[in-house]
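Counting along the sequence shown from 1, when you hit position 92 you're at 137 in our numbering, and nothing is skipped either side.
Where is the CB? At the ideal position from N, CA and C, for every residue including glycine.
Below: the structure, in structure tokens.
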Amino acid sequence: MKSMHSIILIGNDSYGILLKDELKKCKYKLFFSAKPKSGLDKARVKRPDILIINCVYQSSFMIFDLIKEIRSDSRLKGSILLVLSENADEFDKSLSLELGADEYMVKPASINEILFKLKCLLRLKSFYNRGKLEK
């Protein structure tokens, strides 16, 4: 039996609730946290395949700090990091990606697009890991 991919979704708004429901339907092993700090603590214990930061009323700098903290933690280095934000500013997108986010999507993005993006990122991670094992 194929193992279920685990996701931690951080951020609580109506969009996050909709996304949470769809992720459950897709049979992901889902953990949820309304607050960034508790989400990060949960991620350090669970070591998820995917971390989704659903930006809710946080400043860009708080998001940047959270990305840096995730990427500097050896327990989370292998986790895929997806940022969802209402902020379409090119600087925020670019800096988020430069700091280590694997994808930055502007809300309200289509839920189906997010689900397809997650599948794609998991596939890329699988190819990458397979290549590392062959070396």
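From the listed residues Ser130, Ile156, Phe172, Ser51, the smallest Cα separation to Lys87 is found for Ser51.
For Glu135, the enclosing alpha helix (DSSP H) begins and ends at 135 to 144. With fewer than 16 other CB atoms across the displayed protein chains lying within 10 angstroms of its CB, Asn157 is exposed. Between the segment 142 to 160 and the segment 59 to 73 there are three or more C-beta pairs closer than 8 angstroms, enough to call the two in contact. Around Ser124, the same chain offers Ala88, Arg92, Pro93, Asp94, Ile95, Leu96, Ile115 as residues with beta carbons nearer than 8 angstroms, after the five sequence neighbours per side are excluded. Uninterrupted beta strand (DSSP E) stretches at least 3 residues long and entirely within the segment 74 to 133 occur at 74 to 78, 95 to 99, 125 to 130, given in chain order. Exclusion of the five residues before and after Lys72 leaves Met49 as the residues of its chain whose Cβ lies within less than 8 angstroms of its Cβ.
Sequence-distant partners of Asp147 (beyond 5 residues in either direction) whose C-beta falls short of 8 angstroms from its own C-beta, in its chain, are Ile125, Leu126, Leu127, Leu166.
Counting along the chain, Ser59 sits inside the alpha helix (DSSP H) bounded by residues 59 to 70. Burial is judged here by how many other beta carbons sit within 10 angstroms of a residue's own beta carbon; Asp134 has fewer than 16 and is exposed. In the DSSP assignment, the residues bridged to Ser51 are Lys74. Contact annotation: Ser78 and Ile112 have beta-carbon atoms that are not nearer than 8 angstroms. Between Ile98 and Gly145, the gap from beta carbon to beta carbon reaches 8 angstroms or more.
Separation of Asn132 and Phe106 (C-alpha to C-alpha, rounded to the nearest whole angstrom) is 12 angstroms.
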